[in-house]
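Here's the structure, in structure tokens; my notes come after.
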Amino acid sequence: MVLSSLDSSYKDHVITQHYVYKLNHLFNLKRLQLNTNTTFSNNFGESITIKQLLTDFRATTLTTKESLHFNNLEKKYIRLLDLEESIAGKTHETVKKVHSEMNIIIDLILENIDALANIKFKDNAQLQLPRMNQKLLSIDKVLLKVEITFLIFIGIIVQLIIFYPRKSKY
1 MVLSSLDSSY
11 KDHVITQHYV
21 YKLNHLFNLK
31 RLQLNTNTTF
41 SNNFGESITI
51 KQLLTDFRAT
61 TLTTKESLHF
71 NNLEKKYIRL
81 LDLEESIAGK
91 THETVKKVHS
101 EMNIIIDLIL
111 ENIDALANIK
121 FKDNAQLQLP
131 RMNQKLLSID
141 KVLLKVEITF
151 LIFIGIIVQL
161 IIFYPRKSKY
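Residues 1 to 170, numbered by the UniProt record's numbering, are exactly what the sequence shown covers, in order.
Dropping the structure here:
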């Protein structure tokens, strides 16, 4: 039971690291698209991917600090989506202002992602210990099996001595 708990915690950690990496990549692509195109197009497939990653990330076990940064990230992302939708039909000057605000929001989102990555990095050092503990627990399991086998063997010998006494030559 302890081994499965450690294993599940480690898998959860690896999965969330992957989500952090993918989110960072997608938001950097958004920033690149925003800064290189004068006409920003909302990439629907990219938004679905980000939403799915955020949903999957939310489904993992989050610490208090992770929840704080993740909630901020979600709020900023919702604001970014609102700004993306508001661009349609705007004048060039208004679009420039919206682009500027979008850049600021993307920077804030990336700061939250960076904070999540730092938390995961620090957690990784702490997860090294449970993996070592997992090895120790598996060794303990083997030793326990050896001890039980030894006790059964001793019990059989004691029973043989009690129930089948040696016949004396006298």
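Virtual Cβ for every residue (Gly too), placed ideally from N, Cα, C.
Same chain, Cβ closer than 6 angstroms to residue i, five either side skipped, listed in chain order
i: Val72; result: Note that residue 72 is Asn in the sequence shown, not Val. So the qualifying residues of the chain are Asn112.
Per-residue DSSP class, three states only, for residue i
i: Tyr19; result: helix
i: Leu62; result: coil
i: Ala117; result: helix
i: Arg166; result: coil
i: Ile87; result: coil
Close Cβ partners of residue i (< 8 angstroms) along its chain, the five nearest in sequence each way excluded
i: Ile119; result: Thr63, Lys65, Glu66 and His69
i: Leu110; result: Asn24, Phe27, Asn28 and Arg31
i: Ile103; result: The sequence shown places Asn at residue 103, rather than the Ile named in the question. Arg31, Leu34 and Asn35, listed in sequence order.
Counted within 10 angstroms of its Cβ, other Cβ atoms place residue i as buried (16 or more) or exposed
i: Tyr77; result: buried
i: Ile50; result: buried
i: Tyr164; result: exposed
Cβ pair count under 8 angstroms reaching 3, the stretch 63-77 against the stretch 111-122:
Result yes; three or more Cβ-Cβ pairs closer than 8 angstroms.
Should the stretch 135-149 be regarded as contacting the stretch 88-107, the criterion being three or more beta carbon pairs within less than 8 angstroms?
Taking one beta carbon from each stretch, the stretch 135-149 and the stretch 88-107 have fewer than 3 pairs nearer than 8 angstroms; the two do not touch.
Can you confirm whether the stretch 45-55 touches the stretch 148-164 when touching is taken to mean that 3 or more C-beta pairs between the two stretches lie within less than 8 angstroms?
No, because fewer than three Cβ pairs between the stretch 148-164 and the stretch 45-55 fall closer than 8 angstroms, the two stretches do not touch.
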